[in-house]
Every structure is written in C-alpha cells, then in structure tokens.
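Engineer: For reference, the structure I am asking about is given below.
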Amino acid sequence: MAPVDEGGGGRPAVLVIAATDSSGGAGIARDVQVLADFSADALCVVTAVTAQSDSRVTAVHHIPPEIIRAQIAAALETRQVGAIKIGMLGTRATVDAVVDSLSQILSVPIVLDPVLVSSSGGVLLDAGGRDAMRKNLFPRAALVTPNVPEAAALLETGIANSEQVLIEQAQSLLAFGPQAVLIKGGHTGGEEAVDLLVSRDHGLQRIPSPRLRATKRGTGCALASAIAEGVASGVSLFDACGHAKRYVLEMLSVNNRCL
Ligand code: PLP
Numbered sequence: 000m001a002p003v004d005e006g007g008g009g010r011p012a013v014l015v016i017a018a019t020d021s022s023g024g025a026g027i028a029r030d031v032q033v034l035a036d037f038s039a040d041a042l043c044v045v046t047a048v049t050a051q052s053d054s055r056v057t058a059v060h061h062i063p064p065e066i067i068r069a070q071i072a073a074a075l076e077t078r079q080v081g082a083i084k085i086g087m088l089g090t091r092a093t094v095d096a097v098v099d100s101l102s103q104i105l106s107v108p109i110v111l112d113p114v115l116v117s118s119s120g121g122v123l124l125d126a127g128g129r130d131a132m133r134k135n136l137f138p139r140a141a142l143v144t145p146n147v148p149e150a151a152a153l154l155e156t157g158i159a160n161s162e163q164v165l166i167e168q169a170q171s172l173l174a175f176g177p178q179a180v181l182i183k184g185g186h187t188g189g190e191e192a193v194d195l196l197v198s199r200d201h202g203l204q205r206i207p208s209p210r211l212r213a214t215k216r217g218t219g220c221a222l223a224s225a226i227a228e229g230v231a232s233g234v235s236l237f238d239a240c241g242h243a244k245r246y247v248l249e250m251l252s253v254n255n256r257c258l
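The sequence shown begins at 0 in numbering that gives the first Met the number 0 and counts up one residue at a time.
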C-alpha cells in the first residue's frame with residue numbers, strides 16, 4: 000500500500016531507528032522529545048531495549064532482525080518520510096536488517112549517529128556491527144555524526160589532538176562513502192566547541208559555538224535528530240547542522256528543560 004501523508008501540517012515525518020534508554024537521558028525518548036520541540040512527527044523503530052542509569056548499562060535486549068524489518072516496513076507504509084535518523088543499532092544482525100529494509104527508499108536522506116559506547120562506558124555496538132556499519136550503512140548516509148572518540152574508534156586510530164587531525168579523520172570517514180561527516184567538537188579543549196562539517200559538495204565548513212561547562216546525556220541523539228528534522232524540512236545540511244547546534248546549546252544551558 001502506498002504511504003499516506005496525514006497530519007503534521009504537511010511536513011514530512013522523521014523515521015527514527017534507535018534504542019530505548021531506561022534512564023530517559025538518551026536514545027529514542029530523547030529523539031522524540033527533540034522532534035516534538037520542532038513540531039515534527041516521529042515514526043519509531045526500536046532496535047534494542049537497554050537497562051541503564053546515568054552511570055552504567057546493566058542489560059541490553061536486542062530486538063530480533065525480523066521484528067526490526069517489520070517495524071520499518073510498517074512505518075514506511077504509514078507515512079511519507081522526509082529523513083531518517085539512525086542511533087544505536089547494537090549488533091551486526093541489526094545493521095544488516097536496517098540496511099536491507101532501507102534499500103527500498105534510497106532517495107530519503109539518512110542522518111547516522113554512529114553510537115558505539117555510552118558515556119558511562121557500556122558497549123552499544125559490537126565489532127561486527129561496526130564493520131557492517133562502515134561498509135554498508137556509511138555509503139547510504141547523507142551525514143554521519145561521530146564525536147571525537149567515535150571518529151577515532153571508527154578509523155581504528157588514536158584520538159585526534161588537533162583540529163587539523165580531526166579534519167583528516169573526517170576526510171578518512173568520508174572515504175567510506177557518506178555524503179558528509181560532522182565531527183562534533185564537544186570532546187575537544189579550548190574556549191570554543193567547533194563542529195567540523197566535511198562534505199563532498201562543500202569541502203570543510205566550521206560551525207563554532209561557545210563551550211558550555213554543562214554536560215548532559217543524550218546530546219548526540221538530540222543533535223542528530225534536530226539535523227534530521229532540518230534535512231526533512233529541506234534546508235541545507237550546513238544550515239541544519241547550525242540550527243541543531245543552537246538547539247543543543249539551549250538544551251545544555253536550560254537545566255530543567257530536559258528529561
Ligand atoms: N543509550 C542509548 C540507547 C543511546 O541511543 C545512546 C546514544 O545514542 C546512548 C545511550 C549514549 O548516550 P550518552 O553518551 O549520553 O550515554
């Protein structure tokens with residue numbers, strides 16, 4: 000059956016493929032909250048159920064691949080999708096199921112947050128999943144949004160110690176096939192937090208902001224969801240990244256705003 004676009008004032012929905020976080024700080028709850036802040040509708044595909052607090056991950060249940068395929072098929076049957084945000088995938092089987100299921104909608108842009116490890120140290124993607132993600136999902140992505148440690152882990156190299164090295168790492172990640180790579184500056188030092196956007200179309204674009212002392216779980220999820228909303232609305236990738244960064248800065252600066 001052809002997808003029917005209903006609701007959302009004609010705005011395309013965002014398909015969120017991500018995991019739950021029982022602490023509410025990260026994962027799909029954060030994604031949906033962000034999309035609601037932008038008055039965008041979310042279609043939700045759950046890849047894993049995680050039991051975690053702010054300080055540790057105690058259990059992970061990976062959803063069977065056939066259920067992931069069924070969720071994606073049903074979501075795509077329901078509404079037209081303007082962008083896809085992918086967060087925690089967990090295993091190689093999940094990456095494979097997602098790649099397979101999305102092969103029928105090649106024109107919809109994907110914003111891929113390559114979630115590897117929680118800030119509390121819990122492993123959120125196995126080694127086979129990381130390989131499959133690089134090989135099969137990166138080439139489908141409009142944008143991949145690693146933080147500094149994720150960029151290093153994806154390249155199996157050391158953590159960058161300068162902006163020049165980060166730019167080279169972004170270019171190396173671009174060679175895996177995405178249209179663009181955004182390395183987030185939250186884990187670097189200095190007065191400014193500079194996100195580095197490297198794309199096939201526009202080369203390097205810097206997105207600076209003041210560095211806030213605050214930290215909050217789920218900022219990576221929030222940024223990627225906000226970017227996906229911008230992309231779904233048709234703004235340029237650079238503008239979507241800038242807008243999303245301003246949103247996350249506000250989220251960090253308003254303590255009682257978040258979950
Ligand atoms: N848990 C889940 C389910 C996530 O999807 C993510 C990030 O996407 C995380 C944890 C990591 O978030 P944090 O770095 O805030 O721990």
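Note that CB positions come from ideal geometry on N, CA and C, so glycine has one too.
Can you name, in chain order, every residue of its own chain whose Cβ lies under 7 Å from the Cβ of residue 240, other than the five neighbours on each side?
Structural biologist: Translated into positions along the sequence shown, residue 240 becomes position 241. Hits under 7 Å: 181, 194, 196, 206 and 226.
Engineer: Considering Cα atoms alone, identify which of 201, 36 and 42 is closest to residue 67.
Structural biologist: Working through the sequence shown from its first residue, we reach residue 67 at position 68. Checking every option, the nearest Cα to that of residue 67 belongs to 42.
Engineer: Using the three-state DSSP reduction, which class does residue 64 fall into: helix, strand or coil?
Structural biologist: For this step, residue 64 is matched to residue 65 along the sequence shown. It is helical.
Engineer: In chain order, what residues place their C-beta within less than 5 Å of a heavy atom belonging to ligand 1?
Structural biologist: My final list is 18, 20, 25, 26, 49, 86, 87, 114, 117, 118, 216, 217 and 220.
Engineer: Compute the Euclidean distance between the alpha carbons of residue 228 and residue 126, then round it to the nearest angstrom.
Structural biologist: In the sequence shown, the residue the question calls residue 228 occupies position 229. In the sequence shown, the residue the question calls residue 126 occupies position 127. If you take the alpha carbons of residue 228 and residue 126, they lie about 30 Å apart.
Engineer: Reducing DSSP to helix, strand and coil, say where residue 222 ends up.
Structural biologist: What you label residue 222 is simply residue 223 of the sequence shown in a count that begins at 1. In this structure, residue 222 counts as helix in the three-state DSSP scheme.
Engineer: Beta-carbon within less than 6 Å of residue 112's beta-carbon, same chain only, minus the 5 sequence neighbours each way: which residues are those?
Structural biologist: Mapped onto the sequence shown, residue 112 falls at position 113. Here the set comprises 86, 144, 219 and 223.
Engineer: Just the Cα atoms here: how many angstroms apart are residue 70 and residue 53?
Structural biologist: By 1-based counting over the sequence shown, the position of residue 70 is 71. By 1-based counting over the sequence shown, the position of residue 53 is 54. Whole-angstrom Cα-Cα distance: 28 Å.
Engineer: Near residue 10, which residues of its chain fall below 8 Å by C-beta distance, leaving aside the five closest residues on each side in sequence?
Structural biologist: Locating residue 10 in the sequence shown gives position 11, counting from the first residue. 38, 39, 40, 81, 231 and 232.
Engineer: Report the option in 118, 130 and 120 whose CA atom is closest to the CA atom of residue 98.
Structural biologist: As a first step, residue 98 is located in the sequence shown; it is residue number 99 there, counting from the start. Among 118, 130 and 120, the Cα nearest to that of residue 98 belongs to 130.
Engineer: Alpha carbon to alpha carbon, how far is residue 105 from residue 75? Give it in angstroms, no decimals.
Structural biologist: On the sequence shown, position 76 is the one that residue 75 refers to. On the sequence shown, position 106 is the one that residue 105 refers to. The alpha-carbon atoms of residue 75 and residue 105 are separated by roughly 13 Å.
Engineer: Considering only their Cβ atoms, is the gap separating residue 186 from residue 160 smaller than 7 Å?
Structural biologist: Here residue 160 is taken as the residue at index 161 of the sequence shown, counted from 1. Here residue 186 is taken as the residue at index 187 of the sequence shown, counted from 1. Going by C-beta atoms, residue 160 is not nearer than 7 Å to residue 186.
Engineer: Residues in the same chain with beta-carbon distance under 7 Å from residue 192, minus the five sequence neighbours each way, listed in chain order, please.
Structural biologist: Translated into positions along the sequence shown, residue 192 becomes position 193. Result list for residue 192: 184, 185, 208 and 210, in chain order.
Engineer: Within 10 Å of its beta-carbon, does residue 72 have 16 or more other beta-carbons around it, so buried, or fewer, so exposed?
Structural biologist: The residue labelled residue 72 in the question sits at position 73 within the sequence shown. Per the 10 Å Cβ criterion, exposed.
Engineer: Out of 92, 83, 22 and 137, which one is the CA nearest neighbour of residue 119?
Structural biologist: Mapped onto the sequence shown, residue 119 falls at position 120. Looking at the Cα atoms, 22 is the closest of the given residues.
Engineer: Kindly give me the distance between the Cβ atoms of residue 168 and residue 150, rounded to whole angstroms, as I take these residues to be in contact under 8 Å.
Structural biologist: Residue numbering aside, residue 168 sits at position 169 when the sequence shown is read from its first letter. Residue numbering aside, residue 150 sits at position 151 when the sequence shown is read from its first letter. Sure, about 5 Å apart at Cβ, within 8 Å.
Engineer: Residue 24: buried (16+ other C-beta within 10 angstroms of its C-beta) or exposed?
Structural biologist: Position 25 of the sequence shown, counted from the start, is the residue given in the question as residue 24. Per the 10 Å Cβ criterion, buried.
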